[in-house]
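Anchor point for the sequence shown: position 20 equals 22 in the working numbering, and the numbering is continuous, going up by one each time.
For glycine and all other residues, C-beta sits at the position ideal for the given N, C-alpha and C.
Note that this is a predicted model, so its numbers are computed, not measured.
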Amino acid sequence: MAAALGSKNAAFYWVLLAVGVSLLVLVLVGVIIYFALAVKAIALSQRQSNFIDSVTHELKSPLASLKLYLQTLTRRPVPPVEQLDFHRFMLEDVERLDTLIDHLLDAAKTMHRPALSIAEATLMVPVLKNVAKRVAERHQVPNDC
């Protein structure tokens with residue numbers, strides 16, 4: 003190698019060394035980028051799995067409640083007052099399912115809609131009043147807003 007560096011081919015070896023180092027750096031950068039993208043893909047997969055688990059739980063809870071009330075109503079005599087309570091609870095569960103499905107459909111529409119490039123100003127007071135109203139209705143408490 004020392005003899006080659008002193009000869010007329012020294013420039014060729016320096017160019018070859020520079021190309022080799024450049025390719026090594028390029029491969030290392032590619033591996034790092036691939037690793038970062040793989041970590042992001044794994045995190046996305048985990049978030050999707052958590053989302054599906056949560057949605058499944060939110061769908062099954064009202065269904066299990068409805069099933070229990072219906073089984074109770076069909077298997078034994080229930081006083082009319084309790085029947086009214088059962089019907090009210092079942093209606094609440096159906097409304098909860100309806101709301102969840104509406105939110106899922108809205109989320110699906112949002113994902114397929116192109117992103118807005120211009121930020122839109124939103125007044126928070128009407129939004130917060132609407133949220134307070136829905137929460138008060140769901141938990142059957144008076145809304146003071």
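Here's a check: name, in chain order, each residue in its chain whose Cβ is nearer than 6 Å to the Cβ of residue i, leaving out the five neighbours to either side.
i, result
"S67", "D95"
"M92", "L68, Y71"
"V29", "none"
Between residue i and the rest of its own chain, which residues show a CB-CB distance below 7 Å, the 5 nearest in sequence each way excluded?
i, result
"E60", "L102"
"A13", "none"
Work out the CA separation of residue j and residue i for me, nearest whole Å.
i, j, result
"A109", "V57", "12 Å"
"R140", "L46", "32 Å"
"P116", "E122", "15 Å"
"A40", "R49", "14 Å"
"T124", "H105", "20 Å"
"Q85", "P128", "38 Å"
"V80", "H89", "12 Å"
Can you find the residues in the same chain that come closer than 8 Å, C-beta to C-beta, to residue i, ignoring five residues on each side of it along the sequence?
i, result
"P158", "Nothing can be reported for residue 158, as the shown portion of the chain is limited to 3 through 147."
Could you please give the first and the last residue of the uninterrupted alpha helix (DSSP H) stretch that includes residue i?
i, result
"K62", "12-77"
"N132", "126-141"
"V83", "82-114"
Is residue i near the ligand GTP, judged by its Cβ being under 6 Å from some heavy atom?
i, result
"K131", "Looking at this structure, you won't find the ligand GTP or any other ligand, since it has none at all."
So is residue i in contact with chain D if we call contact Cβ pairs under 7 Å?
i, result
"F14", "Within the model displayed, chain D is absent; a lone protein chain is all it includes."
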